[in-house]
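Asker:
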Amino acid sequence: LDYLLHDYNNRGAELFNSFDALWTIFIAAAADQNTGQKYCIIDALDECDLESQEILLQQFHETFLSQDAPSNIRILVTSRPYSKIREYLEEFTNKNLASFSQAKQDVDRCIKERVADLAKKKKYTDKVKQQVSDILREKAEGTFLWVGLACEELKDVPSKNAIQVLQTMPKGLYSLYERLLDTALEQDMTEADIVRHILSLVAVSVRPLSVLELCEACQLYQDEEDIDTRIRFTRDQVASCRLIIIIEGGKVLLLHQSVKDYLVRADPSSFINELEAHANIAYRCVNILIEQLYSKEQSHVHFLSYATEEWVNHARMAQSRFEVRDSEAEFFRVNSPSREYWIE
Numbered sequence: 001l002d003y004l005l006h007d008y009n010n011r012g013a014e015l016f017n018s019f020d021a022l023w024t025i026f027i028a029a030a031a032d033q034n035t036g037q038k039y040c041i042i043d044a045l046d047e048c049d050l051e052s053q054e055i056l057l058q059q060f061h062e063t064f065l066s067q068d069a070p071s072n073i074r075i076l077v078t079s080r081p082y083s084k085i086r087e088y089l090e091e092f093t094n095k096n097l098a099s100f101s102q103a104k105q106d107v108d109r110c111i112k113e114r115v116a117d118l119a120k121k122k123k124y125t126d127k128v129k130q131q132v133s134d135i136l137r138e139k140a141e142g143t144f145l146w147v148g149l150a151c152e153e154l155k156d157v158p159s160k161n162a163i164q165v166l167q168t169m170p171k172g173l174y175s176l177y178e179r180l181l182d183t184a185l186e187q188d189m190t191e192a193d194i195v196r197h198i199l200s201l202v203a204v205s206v207r208p209l210s211v212l213e214l215c216e217a218c219q220l221y222q223d224e225e226d227i228d229t230r231i232r233f234t235r236d237q238v239a240s241c242r243l244i245i246i247i248e249g250g251k252v253l254l255l256h257q258s259v260k261d262y263l264v265r266a267d268p269s270s271f272i273n274e275l276e277a278h279a280n281i282a283y284r285c286v287n288i289l290i291e292q293l294y295s296k297e298q299s300h301v302h303f304l305s306y307a308t309e310e311w312v313n314h315a316r317m318a319q320s321r322f323e324v325r326d327s328e329a330e331f332f333r334v335n336s337p338s339r340e341y342w343i344e
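UniProt numbering puts the first residue of the sequence shown at 1, with every later residue one more than the last.
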């Protein structure tokens, strides 16, 4: 704390806005020979935004490949092997975790525990239990997430159909996501459109949204005055997205970073056009700001805070897909009172 307090006393809260300053403090504290060996774990570097990845990777190079690199700190970084990350880290000692026999044993242990739980709840016979285990082991390809998704699907399947359902599940995460997505969209057109809207918004939102924020952002159940009912209905809509998104701690989240990779992948058949998704959220944010201008009910609009803080970011990330339409023209005029109101 001594290293941090010295700079904090000089710079105050501004200190926490400077990565360079915080990194300098971190390295100084780590290099202190009086405090012994230190270990730092950075898990899932690939799930950081690209800018943060670049900053961290550059600092790793500058700090730990130099002649005066601190000798009493060890950093463990885990990440999926994306080419940019691999290029930076290949100069350091690295290991492919999937190559360790222990990893396979851990997946086998996970399968054993999940199947035992299913067998107890669904009354599997020993034969069904063994077949379920064998199919999971074959199709999971060493992926915990695949096992988890498949077992979640089996929770709603009678034991007599468990083998058939598992056999129809494809290998590989993307193939499984596609299967789950197809199932989620096998509803009437209105419900399918809501699923698309929810997934698009959650995939590109700048921060996780609460259930009520999502409800307002997607304009769901606007005629329902009771907030608890709106939240309950919105939770049901999230559940209809078939595990691709989840609710955790009151926030609506993608199940895993790989879900976003799948939804917005650079492929003509991708489910979401990322630029269009950002443009749509930007329009929704701006329209809420226009609607709520001088409103006495602002405190009841839970998405308002997000709209105020993030509309600029979404408009910027939408690039040329965001164009000023007639309905938003006044908001974007020079010295617009409605825009200045929210900036202030």
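From the three backbone atoms N, C-alpha and C, an ideal C-beta is built for every residue, glycine too.
Computed from a predicted model, the values in this text were never measured in an experiment.
#1: Taking the alpha carbon of ARG339 as the reference point, which residue from ASN287, GLY12 and TYR82 has its own alpha carbon closest?
#2: Do LEU220 and ILE247 have their CB atoms nearer than 9 Å?
#3: Report yes if the CB atom of HIS314 is closer than 9 Å to the CB atom of PHE303, and no otherwise.
#4: With respect to the beta strand (DSSP E) encompassing CYS40, which residues constitute its N-terminal and C-terminal limits?
#5: DSSP on VAL165, reduced to helix/strand/coil?
#6: So for VAL147, helix, strand or coil by DSSP?
#7: Between the stretch 255 to 266 and the stretch 206 to 225, are three or more C-beta pairs nearer than 8 Å?
#8: What do you reckon, are the CB atoms on GLN145 and LEU255 nearer than 9 Å?
#9: Give the straight-line distance between the Cα atoms of GLN237 and CYS48, rounded to the nearest whole angstrom.
#10: On the criterion of 16 or more Cβ atoms from any shown chain inside 10 Å, does ALA116 qualify as buried, or is it exposed?
#11: Can you tell which of CYS151, GLY172, LEU173 and TYR174 has the C-alpha that lies nearest to the C-alpha of VAL165?
#12: CA-CA distance, SER320 and ASN96?
#13: Sorry if obvious, but does the Cβ on ASP46 come closer than 8 Å to a heavy atom of the ligand SAM?
#14: Tell me which same chain residues have a C-beta within less than 8 Å of the C-beta of ALA103, skipping the five on either side of it?
#15: Of all the beta strand (DSSP E) runs that stay within the bounds of the UniProt domain "Nephrocystin 3-like N-terminal" (7 to 80), which reach a length of 3 or more residues?
#16: What does a CB cutoff of less than 8 Å around LYS112 pick up in its chain, not counting 5 residues either side in sequence?
#17: LEU254 lies in the beta strand (DSSP E); which residues open and close that run?
#18: Is THR234 closer than 9 Å to VAL206 when the C-beta atoms are compared?
#19: According to DSSP, simplified to helix, strand and coil, what is GLU141?
#20: So, with DSSP's three-state summary, where would you put SER338?
#21: Which residues in the same chain have their Cβ closer than 8 Å to the Cβ of ILE272, if we skip the five residues on either side of it in sequence?
#22: For LEU89, would you say it is in contact with chain D, using Cβ-to-Cβ distances shorter than 9 Å as the test?
#23: Between which two residues does the beta strand (DSSP E) carrying GLU248 extend?
#24: Distance, Cα to Cα, ALA140 vs GLU274?
#25: So which of ALA30, TYR82, VAL77 and ASP108 has the shortest CA-CA distance to PRO70?
#26: Round the Cβ separation of TYR283 and GLU213 to the nearest angstrom and send it over; I've been treating them as touching at under 8 Å.
#27: Whole angstroms is fine: what's the gap from GLN53's alpha carbon to ASP126's?
#28: If you check the beta carbons only, do VAL147 and ARG179 fall under 9 Å apart?
#29: For LEU136, name the three-state secondary structure that DSSP assigns.
#30: Taking DSSP's pairing of strands, which residues face LEU209 in a bridge?
Answerer: Inspection of the coordinates gives the following:
#1: Restricting attention to ASN287, GLY12 and TYR82, the CA atom closest to the CA of ARG339 is found in ASN287.
#2: No.
#3: No. Outside cutoff.
#4: Per DSSP, CYS40 belongs to the beta strand (DSSP E) from 38 to 42.
#5: When secondary structure is reduced to three states using DSSP, VAL165 falls in the helix class.
#6: Annotated three-state conformation of VAL147 is helix, per DSSP.
#7: By the Cβ rule, the stretch 255 to 266 does not count as touching the stretch 206 to 225, because fewer than three pairs are nearer than 8 Å.
#8: Here the sequence assigns Leu to residue 145, which means Gln is not the residue at that position. Cβ atoms of LEU145 and LEU255: closer than 9 Å.
#9: Roughly 28 Å separates the two Cα atoms.
#10: The residue is exposed, with fewer than 16 neighbouring Cβ atoms inside 10 Å.
#11: Closest by alpha carbon: CYS151.
#12: Looking at the two C-alpha atoms, the distance is approximately 40 Å.
#13: With respect to the ligand SAM, the structure offers nothing, as it holds no ligand at all.
#14: Taking C-beta separations shorter than 8 Å and ignoring five residues to either side along the sequence, the partners of ALA103 in its chain run LEU97 and GLY142, following chain order.
#15: Taken in chain order, the complete beta strand (DSSP E) segments of 3 residues or longer contained in the UniProt domain "Nephrocystin 3-like N-terminal" (7 to 80) are 38 to 42 and 73 to 77.
#16: If you ignore the 5 residues before and after LYS112, its C-beta comes within less than 8 Å of the C-beta of SER133, all in its own chain and listed in chain order.
#17: 251 to 254 is the span of the beta strand (DSSP E), which, as asked, contains LEU254.
#18: Not in contact: VAL206 and THR234 (Cβ atoms no closer than 9 Å).
#19: If DSSP states are grouped into helix, strand and coil, GLU141 belongs with coil.
#20: Looking at SER338 - three-state DSSP - the assignment turns out to be helix.
#21: So the qualifying residues of the chain are LEU199, SER200, ALA203, VAL204, LEU263 and VAL264.
#22: Any reference to chain D falls outside this structure, which holds one protein chain only.
#23: Unbroken beta strand (DSSP E) run through GLU248: 245 to 248.
#24: Rounded to the nearest whole angstrom, the C-alpha separation of ALA140 and GLU274 is 29 Å.
#25: Nearest option by C-alpha distance: ALA30.
#26: For TYR283 against GLU213, the beta-carbon gap comes to about 16 Å, at or over 8 Å, which does not count as contact.
#27: Each residue's alpha carbon lies about 48 Å from the other.
#28: No, these two residues do not count as a Cβ contact at 9 Å.
#29: Three-state result, LEU136: helix.
#30: Looking at the DSSP assignment, LEU209 forms a beta bridge with VAL252.
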